[in-house]
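Anchor point for the sequence shown: position 426 equals 426 in full-length UniProt numbering, and the numbering is continuous, going up by one each time.
Note that the Cβ used here is the ideal one computed from N, Cα and C, for glycine as well.
Only a predicted model underlies this, so the values are computations on that prediction, with no experimental measurement involved.
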Amino acid sequence: MTQCIPIRALDVVETFWETFYELGNVIIMNPIIIRSSFPIKKEILKEAATKMAYRHQSLRVRIKSKVENDEGRDAIKRYFVDLVDDFEVVIEEDPETRATTELHFDSLDEEPIWENLLLREQNELFSKQSPLWRIRFKRLGSINNQYRACLVASFHHAIMDGLSRQHFWTELLGLCTLINEFPDTPIPQEKPTKMPNSVCKSFPSSLKVKLLKPFYSWRATATQGVCLYRNLVAPFENPSCLEISRDLYADKEKSPRTCILPIRISSEIFSKLRSICKSKKMQVNGAIEAVAALGLMALIYELRSKKTLISEDTTEILVSQDEGNLIGGNDRENITCVTGCRPIELSSTDCFLNTEGCSAVIPIRTMVAINCRRWVNKDDTSEVSETSKSIEDMLIRIFESALSNSINETTTATASEKNFDSGTRYSDTHESTSQSSSLDENSSSFENCEVSEKVSNSEIITPIQQQKEYIANSPRLVLPKLKHSFSFDKSSPSWLKKAVSKVISPRNNRKIKCMPSVALGSYAVLMGLDMKVQKSCLNDVNKIWELGKNTTRKIHSIVDSKDPSTVTFKWHVISGFVHDLANSPTRANKVELLMQLGNPTARPSSFLVSNGGIWDSKPLEQLIDRINNSKSGEKTFIEVESSYSCVSQHNAGLNMFAHNLVTVNGDLCWSLQYHTNITKKEVAQIYAKYIQKYIHLLVNS
1 MTQCIPIRAL DVVETFWETF YELGNVIIMN PIIIRSSFPI KKEILKEAAT KMAYRHQSLR
61 VRIKSKVEND EGRDAIKRYF VDLVDDFEVV IEEDPETRAT TELHFDSLDE EPIWENLLLR
121 EQNELFSKQS PLWRIRFKRL GSINNQYRAC LVASFHHAIM DGLSRQHFWT ELLGLCTLIN
181 EFPDTPIPQE KPTKMPNSVC KSFPSSLKVK LLKPFYSWRA TATQGVCLYR NLVAPFENPS
241 CLEISRDLYA DKEKSPRTCI LPIRISSEIF SKLRSICKSK KMQVNGAIEA VAALGLMALI
301 YELRSKKTLI SEDTTEILVS QDEGNLIGGN DRENITCVTG CRPIELSSTD CFLNTEGCSA
361 VIPIRTMVAI NCRRWVNKDD TSEVSETSKS IEDMLIRIFE SALSNSINET TTATASEKNF
421 DSGTRYSDTH ESTSQSSSLD ENSSSFENCE VSEKVSNSEI ITPIQQQKEY IANSPRLVLP
481 KLKHSFSFDK SSPSWLKKAV SKVISPRNNR KIKCMPSVAL GSYAVLMGLD MKVQKSCLND
541 VNKIWELGKN TTRKIHSIVD SKDPSTVTFK WHVISGFVHD LANSPTRANK VELLMQLGNP
601 TARPSSFLVS NGGIWDSKPL EQLIDRINNS KSGEKTFIEV ESSYSCVSQH NAGLNMFAHN
661 LVTVNGDLCW SLQYHTNITK KEVAQIYAKY IQKYIHLLVN S
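What follows is the structure, encoded as structure tokens:
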């Protein structure tokens, strides 16, 4: 019988992610390239991923729906449920192996090595027997005893964000390394974590947010609800979205899909950019926003100036300037909704033509991904999300335990051989006493005392306690019993005593008790950002820096607020509309309405910028150092070479492009996300070249 324990209801933001997931969108896809001294095998990945799922509640949840009565009317309620022990982590290997030396992303013409894996991922929802994530990978061969592999992880956005993905990969690769180093030694299970609380609980219920609730209901049932929503929340003072017309630039040869055009900014160039930003007392994010906006403007001007456009069969056709003006000229009066409601009224002025005197201002509506960890649990320090440091400590503890177990088994096996030769054996009584002592010490060293106490408590008072008791009794959450107790005499090496003492010392136990208890999760919301860009910025580097400073100032004037409702007000409107509409069981055309919300004909946002910051490689480095210091001979290593990501939005979404960034080993991995049913790869390549151009322009200034 399937065992599912309810956790909590989805909040407004999580319902937004789930609703668009049901439409086949908003799946996070994160391809990484790793380099290691040992081959990444499916068996190792599967074991490590399964151990992580048993440790992190968020990695073993599903979403269940049912109709309930809410304030006198039926509504669909969605809940997170814990699959507990009835799940299977999906790890699939691509049989194709491709030998390669080094992977570079300097050429925008080459197809990314993960392209086929990405295509399969976004066209397949998660199975009902698996959690809301999976991994596909392919081996890239080995050269000079260095193995490479490409891993593509897919996540439901309700359980994962950018920073949590970094922690996920760090822990997974660390466990893979430990399993490879100690193949015959059981890897202990660490203290389990729980799913984070609802992000919306950290947002104060301000008056203006409360006033929106009846507005959601009326709009969700109104005939012209979507049009009203668009005009109030996402007004189309955003001509750039209409400039890149899907009728002209959509890729008719490829099936609709979300693609990544990888851009690698070298550590040397990116380090210079950060230094200049620091000297100008501005953040790198401001410069990135400015570069993304200017690159888009330059792309539009180039498309307008071209007298040749790529047709459906990749032949070139001549288009006059007057015809080109139809892309963004006075004939752009309306876009008809797919539901047949009132057309959306658009601005009839062409700001791209009215550019006399270089003082013209072009509006660009964008979005910024905001990390809500700055507000979550700010007053409750008892529940904080995991950090790189906590994962590093966990991996070191597991290593020291596995090392001790391995040494003890080897020492005991050697002693048994000597005793057998001399005709002496341990009695059964002594052996059972030794095993009992071993279990007690290991239970203390791995902080299993809390689980043991809950197992002995048979009284269940609340569903939460019932959930904890079930998890405690789960056989995979209980630490594996070690065969032999820790014992060392005067002849034992001093380094062995130190290694064992670190595992069983009371001081170390106190540190374990302070471990964060909240698992990986999604802490992301989106913030609208209206940019006013002067045409003169295209050729004036000082104006570019001024644009970057103004953007930085505008972002931080909002996100530094102590009241998150200021940041998330428009996001509340978007997600509240989706929440109320999606939870209505009587709306026959709600799918059409939701699709219209992010109709690829004209997205309300030109682009989204999501910066994951610097990938912290220290936990893996510290683990590798410990492993190599404990042995002689061939050294072990594993590292992440690159990480790119996208969120599928080709069916329905908010953005025409997206820029997902993270810094790995000093290099800036810039993922330019585009959608084939909106634009071709050739257009994205032009955009990428302008991004590189303006990055170099700022660095050389």
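Check your understanding: Is F270 helix, strand or coil by DSSP?
Key -> In the sequence shown, residue 270 corresponds to position 270, counting from 1. Helix, per DSSP.
Review point. Mapping DSSP to helix, strand and coil, what is M282?
Key: For the purposes of this step, residue 282 is taken as residue 282 along the sequence shown, with counting starting at 1. The three-state secondary structure of M282, taken from DSSP, is coil.
Review point. DSSP beta-bridge partners for Q146?
Key: Counting from 1 along the sequence shown, the entry for residue 146 is found at position 146. Q146 is bridged by DSSP to I143.
Exercise for review: Please say whether I638 and L173 have beta carbons closer to each other than 7 Å?
Suggested key: Walking along the sequence shown from the start, residue 173 turns up at place 173. Walking along the sequence shown from the start, residue 638 turns up at place 638. Cβ distance < 7 Å, so L173 and I638 count as in contact.
Review point. How about H659 and A292: do their beta carbons lie closer than 7 Å?
Key: As a working mapping, residue 659 is identified with position 659 in the sequence shown. As a working mapping, residue 292 is identified with position 292 in the sequence shown. Contact flag set, yes.
Exercise for review: Please report the Cβ distance between S263 and L538, rounded to the nearest whole angstrom; I am assuming they are in contact, meaning their Cβ atoms lie under 8 Å.
Suggested key: Numbered from 1 along the sequence shown, position 263 holds the residue referred to as residue 263. Numbered from 1 along the sequence shown, position 538 holds the residue referred to as residue 538. Residue identity check: residue 263 is Ile in the sequence provided, not Ser. Their Cβ separation, rounded to whole angstroms, is 20 Å, which puts I263 and L538 out of contact at 8 Å.
Practice item. From the DSSP output, in three-state form, read off R365 for me. Key: One-based indexing of the sequence shown puts residue 365 at position 365. Reduced to three states, the DSSP call for R365 is strand.
Review point. Tell me, which residues are paired with P262 by DSSP?
Key: What you label residue 262 is simply residue 262 of the sequence shown in a count that begins at 1. DSSP lists S671 as partners of P262.
Check your understanding: Quick one: is Q122 buried, meaning 16 or more other Cβ sit within 10 Å of its Cβ, or exposed?
Key -> Taking the first residue of the sequence shown as position 1, residue 122 is located at position 122. The residue is buried, with at least 16 neighbouring Cβ atoms inside 10 Å.
Exercise for review: Would you mind sorting K51 into buried or exposed? The rule is 16 or more other CB atoms within 10 Å of its CB.
Suggested key: Taking the sequence shown and counting its residues from 1, the one referred to as residue 51 is at position 51. Flag for K51 reads buried.
**Study point:** Selection from K680, D625 and S271 that minimises the alpha carbon distance to residue 702
**Key:** Residue 702 is absent from the structure shown; the chain starts at 1 and stops at 701.
Point to revise | Contact belief for I63 with E18 at Cβ below 8 Å, rounded distance in angstroms | key: Against the sequence shown, residue 63 aligns to sequence position 63. Against the sequence shown, residue 18 aligns to sequence position 18. The pair is a contact, with the Cβ atoms about 6 Å apart (cut-off 8 Å).
Point to revise | Selection from G653, I686 and S645 that minimises the alpha carbon distance to Q166 | key: Start at 1 with the first residue of the sequence shown, and residue 166 comes out as number 166. Comparing C-alpha distances from Q166 to each of G653, I686 and S645 shows the shortest one belongs to S645.
Exercise for review: Starting from the C-beta of G295, find all residues in its chain whose C-beta is less than 7 Å away, skip the five residues before and the five after it, and write them out in chain order.
Suggested key: As a first step, residue 295 must be located in the sequence shown, where it is residue number 295. Y687, Y690, I691 and Y694, listed in sequence order.
Review point. Using DSSP with H/G/I as helix, E/B as strand and the rest coil, what is T177?
Key: The residue you call residue 177 lines up with position 177 of the sequence shown. Taken through DSSP and simplified to helix, strand or coil, T177 comes out as helix.
**Study point:** DSSP state of K681 mapped onto helix, strand, coil
**Key:** Within the sequence shown, numbered from 1, the residue matching residue 681 stands at position 681. Looking at K681 - three-state DSSP - the assignment turns out to be helix.
Check your understanding: How many whole angstroms separate the CB atoms of A287 and G24, which I take to be in contact at a CB cut-off of 8 Å?
Key -> Here residue 287 is taken as the residue at index 287 of the sequence shown, counted from 1. Here residue 24 is taken as the residue at index 24 of the sequence shown, counted from 1. No, A287 and G24 are not in contact; Cβ-Cβ is about 35 Å, not under 8 Å.
Point to revise | Integer-rounded CB distance, given that I27 should sit under 8 Å from residue 712 | key: In the structure displayed, the chain extends from 1 to 701; residue 712 sits before or after that span and is not available.
**Study point:** Closest by C-alpha distance to S536, when choosing among G528, E546 and D530
**Key:** Translated into positions along the sequence shown, residue 536 becomes position 536. Minimum Cα distance to S536 is reached at E546.
Check your understanding: When we look at the beta-carbon of Q3 and count the other beta-carbons within 10 Å, is it buried (16 or more) or exposed?
Key -> Working through the sequence shown from its first residue, we reach residue 3 at position 3. Exposed, because fewer than 16 other Cβ atoms sit within 10 Å of the Cβ of Q3.
Check your understanding: Would you call the CB atoms of C259 and Y674 closer than 7 Å?
Key -> For the purposes of this step, residue 259 is identified with residue 259 of the sequence shown, where counting begins at 1. For the purposes of this step, residue 674 is identified with residue 674 of the sequence shown, where counting begins at 1. Their beta carbons are under 7 Å apart, which means C259 touches Y674 by this criterion.
Review point. What three-state label does DSSP hand S404 in the structure shown?
Key: The residue given as residue 404 occupies position 404 in the sequence shown. Secondary structure of S404 (DSSP, three-state): helix.
Point to revise | Beta-carbon gap between V647 and V664 smaller than 7 Å | key: For the purposes of this step, residue 647 is taken as residue 647 along the sequence shown, with counting starting at 1. For the purposes of this step, residue 664 is taken as residue 664 along the sequence shown, with counting starting at 1. Not closer than 7 Å, so no.
Check your understanding: Where do the ends of the beta strand (DSSP E) carrying M656 lie?
Key -> As a working mapping, residue 656 is identified with position 656 in the sequence shown. N655 to V664 is the span of the beta strand (DSSP E), which, as asked, contains M656.
Point to revise | Exposure of V67, with buried meaning 16 or more beta-carbon neighbours within 10 Å | key: Stepping through the sequence shown from its first residue, residue 67 is reached at position 67. That one is exposed.
Practice item. Ignore the nearest five residues each way along the sequence and tell me which others in C176's own chain have a CB closer than 7 Å to its CB. Key: One-based indexing of the sequence shown puts residue 176 at position 176. Taken in chain order, the residues that qualify are I40, I44, L45 and A48.
Practice item. Would you check if the distance between the CB atom of T679 and the CB atom of I33 is smaller than 7 Å? Key: On the sequence shown, position 679 is the one that residue 679 refers to. On the sequence shown, position 33 is the one that residue 33 refers to. Contact: no.
Exercise for review: Return the CA-CA distance between R365 and P604, expressed in angstroms with no decimal places.
Suggested key: Position 365 of the sequence shown, counting from 1, holds the residue named residue 365. Position 604 of the sequence shown, counting from 1, holds the residue named residue 604. Rounded to whole angstroms, the separation of the alpha carbons of P604 and R365 is 7 Å.
Review point. Based on the DSSP output, what are the partners of C200 in its beta bridges?
Key: Here residue 200 is taken as the residue at index 200 of the sequence shown, counted from 1. DSSP lists no partner for C200.
Exercise for review: Evaluate contact between the segment 84-95 and the segment 133-142, counting only Cβ atoms and requiring at least three cross-stretch pairs below 8 Å.
Suggested key: In short, these stretches touch, since the Cβ pair count reaches three.
Review point. Going by the CB atoms, is the gap between M656 and S610 shorter than 7 Å?
Key: As a first step, residue 610 must be located in the sequence shown, where it is residue number 610. As a first step, residue 656 must be located in the sequence shown, where it is residue number 656. Cβ distance not < 7 Å, so S610 and M656 don't count as in contact.
Practice item. Put Y301 into one of helix, strand or coil per three-state DSSP. Key: If you number the sequence shown from 1, residue 301 lands on position 301. Y301 falls in the helix class under three-state DSSP.
Practice item. On a CA-only basis, which of I407, V199 and I555 is nearest L10? Give me that one, please. Key: Here residue 10 is taken as the residue at index 10 of the sequence shown, counted from 1. Cα-wise, what sits closest to L10 is V199.
Review point. The alpha helix (DSSP H) with N116 in it runs from where to where?
Key: Translated into the one-based positions of the sequence shown, residue 116 becomes position 116. Looking at the DSSP string, the run of the alpha helix (DSSP H) that includes N116 is E115 to Q122.
Check your understanding: Fully enclosed by the segment 9-68, which alpha helix (DSSP H) runs are 4 residues long or longer?
Key -> Counting whole runs of 4 or more residues, the segment 9-68 contains the alpha helix (DSSP H) stretches 12-22 and 42-55.
Review point. Roughly how many whole angstroms lie between the Cα atoms of H696 and L526?
Key: Position 696 of the sequence shown holds residue 696. Position 526 of the sequence shown holds residue 526. Straight through space, the alpha carbons of L526 and H696 are spaced by roughly 29 Å.
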